[in-house]
Each structure stands twice: as C-alpha cells, then as structure tokens.
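Q:
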Amino acid sequence: MVLEKIGADHVIEPEQDMARQLIFRQLHPNVVNYFKLSKNVSLVEVSVENPRSFNKSLGDLDFRKNYDVNIIGITHNGKLNQVPLATDIINPQDQITLIGSNEAVQKIGEILQEDK
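The opening residue of the sequence shown carries number 208 in the numbering used here; numbering runs sequentially from there.
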C-alpha cells in the first residue's frame, strides 16, 4: 500500500471495515455491533433471540466453558450492565456484549439467533 511505503505505521481502511460489518450482519441478523479487535479476536453485541436462552442466568448458560467467549455486558431495557454476574438473568429483548476468537464469536451469534 502506498501509505505504508511512505512511512505510515498504521493505515485505517474504512471501506474494508464497513464491508466486514455488512457481511457479518447479513450472516447474523441478530448482531447489533461487530468490532474486529485483532486478526483473531472480535467484540460483538448480539440480540438474544433464541428462547432457549431466556430466563437463564449467565452461570447456567456458562458461555465461557461452552462457547469459549466472555460476556462483558448485558443491555436490558436500554441500560448497560458492564459488570455482569453469573447470577444475572438473560431476558427476551436483551443484548449481550461478548469477546472471543472470531470463530467462537461467529458460532455464538448463530446459537443466539431465533430458531427457524
């Protein structure tokens, strides 16, 4: 890339970032926000649409053990709880913010989608 050849340390390519976001959202319609933090790690905000996840605690769902992702926030009725506990309950219409490998994030996005 020309900018790197003339000495730029880091080049931001908004077109590529937006293309990734659009593709990910098309594949996972329940994804609210998607941020690729590094080559292998993403941060994702997902609407919980699968009724099998409703009215269960984070401890019961054990996302870290079962899906290899960490839940770093739950948004309920528009209010973000940025330090969720294992006892916090997932409700219909909630959104969870999670971090994990790209593969794990993609898988959990599929799991939290509404069953068709």
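Ideal placement from N, C-alpha and C gives every residue a C-beta, glycine not left out. This one's a predicted model, so the numbers in the text were calculated from it and none came from an experiment.
Whole angstroms is fine: what's the gap from L268's alpha carbon to G214's?
A: 48 angstroms
Q: With which residues is F261 paired in a DSSP beta bridge?
A: Note: F261 sits in no beta bridge, so no partner.
Q: For the beta strand (DSSP E) holding G316, just list the boundary residues, first then last.
A: Unbroken run through G316 is the alpha helix (DSSP H), N309 to I318; no beta strand (DSSP E).
Q: Given a cut-off of 8 angstroms on the beta-carbon distance, is the pair N262 and L319 in contact?
A: no
Q: Measure the CB-CB distance between V278 and L265 and report whether it falls below 8 angstroms.
A: Strictly speaking, residue 278 in this sequence is Ile, with Val absent from that position. Result yes, Cβ atoms of I278 and L265 sit closer than 8 angstroms.
Q: Sorted by chain position, which residues of the same chain lie with C-beta nearer than 7 angstroms to D295's C-beta, five sequence neighbours on each side aside?
A: S264, L265, I281 and N288
Q: Quick one: residues in its chain with C-beta nearer than 7 angstroms to the C-beta of P299, no 5 flanking neighbours on either side, listed in chain order?
A: F261
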